[in-house]
Amino acid sequence: MRRVCTGIGRVCTGIGRVCTGIAGAAPAVTRPRDNSTLLGLAGLAGLLLFLEALPRLGVVNDAYLPPTSRIAAALADELATVEFWQAVRDTLTGWAIGLVIAVSAGVVAGIVIGAMPVLRAATASTIEFLRPIPSVALIPLAVLLYGTDLGSVLLLVVYAAFWQVLVQVLYGVADVDPIADETARSFGFGTWARVRYVLWPTALPYVFTGIRLAASVALVLAVTAELVIGAPGLGKLIAVAQNSGAVPVMYALIAVTGLLGVAINLAARFFERRTLAWHQSVRGEVAP
Amino acid sequence: MLEVSGLRKIYRSGEREVEALRDLTFTVDNGDLVCLVGPSGCGKTTLLRCIAGLLEPSGGSVRLDGREVSGPAPGLAMVFQEYGRSLFPWMSVRDNVELPLKQKKIPKPRRATLVAEALNAVGLEGTETAYPWQLSGGMQQRVAIARAVAYEPSTLLMDEPFAAVDAQTRADLEDLVRALWQRLKVTVLFITHDIDEAIYLGQRVVMLSSSPTVVQDEITVDLPAARDQLHTRADPRFTELRTHVYEQIQAAKRGARLVVDSQAG
Amino acid sequence: MTSVARAFGMRRIAYVLGLPVVLFGIWFLASAGSENFYAPPLRQILRSFADTWTLERLDADVLPSLLRLLAGYAIAGVLGVAVGVTIGLNRRVRATVEPVLEFFRAVPPPVLVPVIMLFAGIGDGMKIIVIAFGCVWPILLNTVEGVRAVDSVQLDTAKAYGIGGPARISRVVLPAASPQIAAGLRQALSIAIILMVISEMFASSNGLGFTIVQFQRSFAIPEMWSGIILLGLLGFALSLLFRLAEGRALRWYHGLREAQRKA
Chain A
1 MRRVCTGIGR VCTGIGRVCT GIAGAAPAVT RPRDNSTLLG LAGLAGLLLF
51 LEALPRLGVV NDAYLPPTSR IAAALADELA TVEFWQAVRD TLTGWAIGLV
101 IAVSAGVVAG IVIGAMPVLR AATASTIEFL RPIPSVALIP LAVLLYGTDL
151 GSVLLLVVYA AFWQVLVQVL YGVADVDPIA DETARSFGFG TWARVRYVLW
201 PTALPYVFTG IRLAASVALV LAVTAELVIG APGLGKLIAV AQNSGAVPVM
251 YALIAVTGLL GVAINLAARF FERRTLAWHQ SVRGEVAP
Chain B
1 MLEVSGLRKI YRSGEREVEA LRDLTFTVDN GDLVCLVGPS GCGKTTLLRC
51 IAGLLEPSGG SVRLDGREVS GPAPGLAMVF QEYGRSLFPW MSVRDNVELP
101 LKQKKIPKPR RATLVAEALN AVGLEGTETA YPWQLSGGMQ QRVAIARAVA
151 YEPSTLLMDE PFAAVDAQTR ADLEDLVRAL WQRLKVTVLF ITHDIDEAIY
201 LGQRVVMLSS SPTVVQDEIT VDLPAARDQL HTRADPRFTE LRTHVYEQIQ
251 AAKRGARLVV DSQAG
Chain C
1 MTSVARAFGM RRIAYVLGLP VVLFGIWFLA SAGSENFYAP PLRQILRSFA
51 DTWTLERLDA DVLPSLLRLL AGYAIAGVLG VAVGVTIGLN RRVRATVEPV
101 LEFFRAVPPP VLVPVIMLFA GIGDGMKIIV IAFGCVWPIL LNTVEGVRAV
151 DSVQLDTAKA YGIGGPARIS RVVLPAASPQ IAAGLRQALS IAIILMVISE
201 MFASSNGLGF TIVQFQRSFA IPEMWSGIIL LGLLGFALSL LFRLAEGRAL
251 RWYHGLREAQ RKA
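Chains as they are written, first to last, in the numbering used here: chain A, 1 to 288; chain B, 1 to 265; chain C, 1 to 263.
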């Protein structure tokens with residue numbers, strides 16, 4: 001006499017025994033992951049086709065919006081020039097240096113201000129006033145001070161990115177569980193120890209969010225500074241292309257900046273996930 | 001009257017097929033209060049969602065007042081377990097209770113009456129302008145019950161409504177459900193994992209097996225109609241019934257059935 | 001007011017005004033005798049502020065800027081939410097369209113100015129289109145995300161009580177998604193201000209950005225500084241207005257979060 005297992009999640013323990021299945025939990029609806037990647041790619045392909053068709057069908061003047069194929073050709077040409085790669089390097093240099101400065105300053109300032117309630121209260125109004133000031137307001141100043149040097153790019157990038165980091169770090173510090181902090185204090189942890197064992201682990205995810213947001217903003221400002229001021233980089237190439245009427249090249253370069261932005265965002269998320277996964281498991285051990 | 005016959009539900013996700021409900025058949029007569037108990041993961045929620053018309057069964061049928069249920073029916077009101085997520089936080093208590101009535105196109109004066117009566121019935125008069133998140137868990141669940149009651153349903157479905165509430169509040173809410181049931185003469189299907197609660201509340205208790213679910217057993221609760229937390233639960237008959245149900249649930253957890261396996265031999 | 005309350009109130013005022021006043025004072029004093037061409041004394045800047053930004057000038061330059069900003073922002077808001085809700089409700093459409101939207105969002109908005117200039121010339125229309133096109137993406141993407149993330153229990157409740165169609169969207173989906181939408185609107189506001197300024201720096205005959213650049217090109221430094229300060233004040237004022245509006249509209253959300261935090 002053999003019993004046949006008749007359900008998923010049941011373990012048949014053989015002839016003559018009672019089926020001792022583990023009752024299955026309510027089945028979760030799994031996301032069809034492959035499906036949505038395919039759909040996403042289809043969407044992108046659709047966009048390219050659409051942009052190819054529009055000017056060819058005469059809906060749009062092809063002097064204003066060249067067909068995708070022409071833009072792709074212009075892009076291929078650009079990729080072959082030394083100028084292009086130099087510009088990419090210039091943009092990324094300004095972006096990277098500005099980001100590092102902004103993140104360091106933002107994290108330090110955020111932790112110092114966040115850790116002391118008095119400072120937080122005293123600086124709150126100043127931060128709320130300075131934060132919304134559009135960094136582009138500093139463009140004329142940057143031009144006067146640094147002309148078309150890297151300095152003007154850095155001025156804009158650092159100013160804009162700093163606030164992103166600072167705000168996130170302040171959120172992170174505010175998120176610290178007061179009970180965890182009190183526990184630490186009752187064990188005689190001094191300020192530095194509390195920062196290290198309580199504040200930093202709580203704030204770390206926020207720091208990463210801040211870095212991710214700052215990275216995006218930094219790219220935008222870097223390219224903007226190059227575009228408007230004329231500092232060397234992709235933005236400047238775009239301005240040159242526009243001035244000389246090289247429309248396909250202009251679009252190609254714009255696409256490159258978009259792709260760069262996407263790449264930076266993906267890289268930031270990837271980095272964030274990897275580091276925080278490690279961090280979470282470490283946290284698991286340290287948590288009370 | 002609620003008739004469930006041969007209800008079957010299979011979940012398909014990619015390659016996997018999970019048979020949550022295999023063959024469920026039971027009836028709830030008009031005006032009855034029937035409790036459904038079962039081990040964890042036996043598909044109670046799936047069953048309730050099929051009955052409520054939120055989920056389409058893979059086989060069998062659900063008939064409400066003679067008509068097959070193919071979507072949420074106007075004669076049916078549901079109280080969810082997660083009251084915090086079921087009430088809309090952007091609306092006041094009054095607006096939450098009133099919203100389904102607006103959908104039913106009930107005129108304004110009648111709506112106001114229904115809302116006031118429902119809130120009174122659950123003991124929440126005076127909280128109309130409060131927001132759900134300003135209230136305690138027990139009070140929020142009362143709002144959800146008021147919303148169901150104001151809807152004037154013929155059948156009330158309750159999905160483990162007191163699972164997330166503390167024990168003392170739960171006792172009050174159980175008495176509230178019985179009081180409302182007797183007053184409004186609605187049909188109530190009450191799902192719970194708490195055996196004591198099932199026996200305390202129900203006229204009948206239907207026990208479910210573990211997944212793939214069938215009806216394991218049914219008993220009639222022959223306790224007096226007037227029940228209270230103290231005396232009813234101390235009644236020896238209560239203990240007998242409780243033991244019986246408990247044994248059935250344990251057997252269900254082990255996967256054994258009291259029905260003879262047709263493949264034996 | 002009791003003396004305790006008064007003391008408490010004064011303490012708050014001290015915190016709010018303290019540091020700004022101190023910084024202002026330092027700037028004033030440090031720059032008092034400044035000979036630096038690019039960093040004139042604050043007194044001089046303040047004087048030129050009063051002289052430059054007369055009512056006529058505000059009307060001729062600042063008002064057009066603001067109107068263009070509001071127009072572009074409003075268009076982006078309406079379009080972003082409407083399209084976002086449509087996309088967010090349909091899982092397949094969302095999966096198809098999301099990469100495209102993320103790409104457009106990643107393009108630095110000011111870069112679009114030369115492009116849109118090709119199509120729309122250099123008038124008011126161009127600037128409004130630039131602002132709208134640039135700041136619609138965070139609104140759109142946040143709306144999609146907000147709609148997608150509506151609690152399934154809330155949707156089930158709506159379904160169980162027969163709340164469907166347009167009522168479901170206006171009474172359940174939109175309110176549930178509104179915190180996320182508000183976040184998108186806030187990001188969009190910063191972008192809109194940036195684009196307002198940049199589009200004027202590029203091609204304009206009036207406007208705040210245009211005026212500041214004019215000052216810079218003609219080396220009218222104190223006036224340029226005063227323009228920068230005005231722009232800063234504008235950014236601050238708009239941000240404050242936004243926060244007030246959001247605080248009112250999302251009062252329920254802030255209350256809910258507060259209650260959850262205490263629990």
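Idealized CB from N, CA, C, for every residue including glycine. Note that this is a predicted model, so its numbers are computed, not measured.
Give the secondary structure of residue i by DSSP, where H, G and I count as helix, E and B as strand, and everything else as coil.
| i | result |
| --- | --- |
| Cys35/B | strand |
| Tyr146/A | helix |
| Tyr11/B | strand |
| Met78/B | strand |
| Ile45/C | helix |
| Met158/B | strand |
| Ala20/B | strand |
| Ile111/A | helix |
| Leu124/B | coil |
| Ser3/C | helix |
| Leu155/C | helix |
| Glu83/A | helix |
| Gly188/A | coil |
Closer than 8 Å by C-beta to residue i: which residues in its own chain qualify, once you throw out the five before and the five after it? Chain order, please.
| i | result |
| --- | --- |
| Val60/A | Leu54 |
| Ala245/C | none |
| Gly6/B | Asp23, Leu24, Thr25, Gly59, Gly60 and Ser61 |
| Leu227/A | Gly235, Lys236, Ile238 and Ala239 |
Take residue i and list the residues in its own chain whose beta-carbon comes closer than 6 Å to its own, dropping the five residues that flank it on each side.
| i | result |
| --- | --- |
| Gln248/B | Met207, Gln216 and Asp217 |
| Ile122/C | Ala203 |
| Ile75/C | Ala132 |
| Tyr246/B | Ile195 |
To the nearest angstrom, how far is the alpha carbon of residue i from that of residue j?
| i | j | result |
| --- | --- | --- |
| Ala237/C | Leu42/C | 22 Å |
| Arg57/C | Tyr159/A | 29 Å |
| Val18/B | Ala45/A | 36 Å |
| Pro66/A | Val247/A | 7 Å |
| Gly41/B | Gln81/B | 15 Å |
| Val221/B | Leu184/B | 21 Å |
| Ala124/A | Val16/C | 7 Å |
| Phe84/A | Gly258/A | 15 Å |
| Ala121/A | Gln168/B | 43 Å |
| Ile195/B | Val214/B | 18 Å |
| Leu114/B | Ala150/B | 5 Å |
| Leu119/A | Ile113/A | 5 Å |
Got a sec: does the ligand FMN put a non-hydrogen atom nearer than 6 Å to the Cβ of residue i?
| i | result |
| --- | --- |
| Met117/C | This structure does not include the ligand FMN; it has no bound ligands of any sort. |
Quick one: residues in its chain with C-beta nearer than 7 Å to the C-beta of residue i, no 5 flanking neighbours on either side, listed in chain order?
| i | result |
| --- | --- |
| Ala161/A | Gly98, Leu99, Ala102, Ala214, Val217 and Ala218 |
(request) Report yes or no: do the stretch 208-223 of chain C and the stretch 174-182 of chain C share at least 3 C-beta pairs separated by less than 8 Å? (result) Short answer: they don't touch.
(message) Can you confirm whether the stretch 207-214 of chain B touches the stretch 50-70 of chain B when touching is taken to mean that 3 or more C-beta pairs between the two stretches lie within less than 8 Å?
(response) Here the stretch 50-70 of chain B makes no contact with the stretch 207-214 of chain B; the two share fewer than three CB pairs at distances below 8 Å.
(request) Could you tell me whether the stretch 196-206 of chain A touches the stretch 257-265 of chain A, where touching means 3 or more Cβ pairs closer than 8 Å? (result) No, they do not touch.
(request) Inspect the CB distances between the stretch 127-142 of chain B and the stretch 171-180 of chain B and report whether three or more fall short of 8 Å. (result) Taking one beta carbon from each stretch, the stretch 127-142 of chain B and the stretch 171-180 of chain B have 3 or more pairs nearer than 8 Å; the two touch.
(message) What are the residues in the stretch 129-156 of chain C lying within 7 Å of chain B by C-beta distance?
(response) Along the stretch 129-156 of chain C, the positions whose C-beta sits under 7 Å from a C-beta of chain B are Asp151, Val153, Gln154 and Asp156, read in chain order.
(request) Output, in sequence order along the chain, the residues in the stretch 192-205 of chain C whose CB is closer than 7 Å to any CB in chain A. (result) Cβ contacts with chain A come from Ile193, Ile194, Val197, Ile198 and Met201.
(message) Pairs of beta-carbons, one from the stretch 197-212 of chain C and one from the stretch 93-103 of chain A, closer than 8 Å: are there three or more?
(response) Counting Cβ pairs under 8 Å, fewer than three are found: no touch.
(message) Tell me whether the stretch 103-113 of chain C and the stretch 215-222 of chain A touch, counting them as touching only if at least three CB pairs, one residue from each stretch, are closer than 8 Å.
(response) Pairwise C-beta distances place the stretch 103-113 of chain C in contact with the stretch 215-222 of chain A, as three or more of them are shorter than 8 Å.
(message) Under 8 Å, with one C-beta from each stretch per pair, do the stretch 65-77 of chain B and the stretch 149-167 of chain C reach the 3-pair mark?
(response) Segment contact: the stretch 65-77 of chain B against the stretch 149-167 of chain C, three or more CB-CB distances shorter than 8 Å; contact assigned.
(message) Which residues of the stretch 165-183 of chain C have a Cβ closer than 8 Å to any Cβ of chain B? Give them in chain order.
(response) So the list reads Ala167, Arg171, Val172, Pro175, Ala176 and Ser178, given in the order they occur along the chain.
(message) For the structure I just gave you, are there three or more beta carbon pairs, one from the stretch 101-119 of chain B and one from the stretch 222-230 of chain C, closer than 8 Å?
(response) Counting C-beta pairs closer than 8 Å gives fewer than three between the stretch 101-119 of chain B and the stretch 222-230 of chain C, which falls short of the contact rule.
(request) Tell me, please, whether the stretch 151-160 of chain B touches the stretch 187-195 of chain B by the rule of three or more beta-carbon pairs shorter than 8 Å. (result) Under the 8 Å Cβ criterion, the stretch 151-160 of chain B counts as touching the stretch 187-195 of chain B, having at least three qualifying pairs.
(request) Output, in sequence order along the chain, the residues in the stretch 70-86 of chain B whose CB is closer than 7 Å to any CB in chain C. (result) Correct list: Pro72, Pro74, Met78, Phe80, Glu82, Arg85 and Ser86.
(request) Would you check if the stretch 135-142 of chain C and the stretch 76-84 of chain C touch, i.e. whether three or more CB-CB distances between them fall below 8 Å? (result) Using a C-beta cut-off of 8 Å, the stretch 76-84 of chain C makes contact with the stretch 135-142 of chain C, since at least three inter-stretch Cβ pairs fall below that distance.
(request) May I ask you to list, following chain order, the residues of the stretch 21-39 of chain C that have a beta carbon less than 8 Å from some beta carbon of chain A? (result) Residues Leu23 and Tyr38.
(request) Indicate whether the contact test is met: 3 or more Cβ pairs, each with one atom in the stretch 146-154 of chain A and one in the stretch 249-263 of chain C, closer than 8 Å. (result) Contact between the stretch 146-154 of chain A and the stretch 249-263 of chain C is absent: fewer than 3 CB-CB pairs across the two stretches fall below 8 Å.
(request) Assess, as a yes-or-no matter, whether the stretch 226-243 of chain A is touched by the stretch 132-151 of chain A under the definition of 3 or more beta carbon pairs within less than 8 Å. (result) Yes, since at least three Cβ pairs between the stretch 132-151 of chain A and the stretch 226-243 of chain A fall closer than 8 Å, the two stretches touch.
(request) Count the CB pairs spanning the stretch 201-213 of chain C and the stretch 45-61 of chain C that are closer than 8 Å, and state whether there are at least three. (result) In short, these stretches touch, since the Cβ pair count reaches three.
(message) With three or more C-beta pairs closer than 8 Å as the rule, is the stretch 121-138 of chain C touching the stretch 90-106 of chain C?
(response) Contact between the stretch 90-106 of chain C and the stretch 121-138 of chain C is present: 3 or more CB-CB pairs across the two stretches fall below 8 Å.
(message) Does the contact criterion of 3 or more C-beta pairs under 8 Å hold for the stretch 165-177 of chain A versus the stretch 104-114 of chain A?
(response) With the cut-off at 8 Å, the stretch 165-177 of chain A and the stretch 104-114 of chain A touch.
(request) Select from the stretch 30-62 of chain B all residues with a C-beta closer than 9 Å to any C-beta belonging to chain C, and list them in chain order. (result) For the stretch 30-62 of chain B, the set of positions with a beta-carbon nearer than 9 Å to some beta-carbon of chain C reads Arg49, Ala52, Gly53 and Leu54 in chain order.
(request) Give the residues from the stretch 220-238 of chain A that approach chain C closer than 9 Å (Cβ to any Cβ), ordered along the chain. (result) The stretch 220-238 of chain A vs chain C, Cβ under 9 Å: Val220, Leu221, Ala222, Val223, Thr224, Leu227, Val228, Leu234, Gly235 and Ile238.
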